[in-house]
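*Asks:* I have a structure I would like to understand better, so I am pasting it below and will then ask my questions one at a time.
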């Protein structure tokens, strides 16, 4: 009798919790949330031609996190900080493996070259819905590039869209 009573209680609680979960409690993957920054790379000599940086590494030095490691693509999508008005990343071409020894004397080794990109922007939180809560829209996007100790590998850039509201089009074009 006691087991039957406990089973009824557990089944009742299970039904209560399952029925309490509604469709709008889960944020669908198709919902537009905080967008990533889209950057496309182009050949500085042929500005209409896309160009993939060799072994591109994008590194968040502040968090000591590698976002992209040794990719060879002509377009990337990276996050901007949602609680600060600036984000800084180190963009390295010809990046070596993390544990690869440097042999500067080998003529076949490409020398890594790092530029520091500082993105500044305004932020606006926009309510999406109950399940997804808020997303951040970025406005007034600006970019400053520091070549550091070596020569810059990025020659110039164009900000295509100062408002980062979605991921449908590129926001920045980089020419190298």
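In the UniProt record's numbering, the protein residues as written are 1 to 176.
Glycine residues also receive a C-beta, built at the ideal position from the N, C-alpha and C atoms.
My assumption, with CB atoms under 8 Å, is that residue 35 sits in contact with residue 128. Please give the rounded CB distance.
*Replies:* Here residue 35 refers to the residue found at position 35 of the chain shown. Here residue 128 refers to the residue found at position 128 of the chain shown. The pair is not a contact, with the Cβ atoms about 12 Å apart (cut-off 8 Å).
*Asks:* In the DSSP output, which residue or residues are listed as bridge partners for residue 118?
*Replies:* The count along the chain shown starts at 1 and reaches residue 118 at position 118. BP columns for residue 118 point to 88 and 144.
*Asks:* Excluding the 5 residues flanking residue 147 on each side, which residues of the same chain have their C-beta closer than 6 Å to its C-beta?
*Replies:* By 1-based counting over the chain shown, the position of residue 147 is 147. Closer than 6 Å at Cβ, skipping near neighbours: 115.
*Asks:* Could you tell me the distance, in whole angstroms, from the CA atom of residue 27 to the CA atom of residue 134?
*Replies:* Position 27 of the chain shown holds residue 27. Position 134 of the chain shown holds residue 134. For residue 27 and residue 134, the distance between alpha carbons rounds to 11 Å.
*Asks:* Quick one: using the 10 Å Cβ neighbour count with 16 as the cut-off for buried, is residue 87 buried or exposed?
*Replies:* For the purposes of this step, residue 87 is taken as the residue at position 87 of the chain shown. Residue 87 comes out buried.
*Asks:* Under the rule that 16 or more other beta-carbon atoms within 10 Å means buried, what is residue 53, buried or exposed?
*Replies:* In the chain shown, counting from the first residue as 1, residue 53 sits at position 53. Answer is buried; the Cβ neighbour count reaches 16.
*Asks:* May I ask you to report which of helix, strand or coil DSSP gives residue 220?
*Replies:* What is shown of the chain runs 1 to 176, which leaves residue 220 out entirely.
*Asks:* Where do the ends of the beta strand (DSSP E) carrying residue 56 lie?
*Replies:* Your numbering for residue 56 matches position 56 in the chain shown. Start and end: 56-60.
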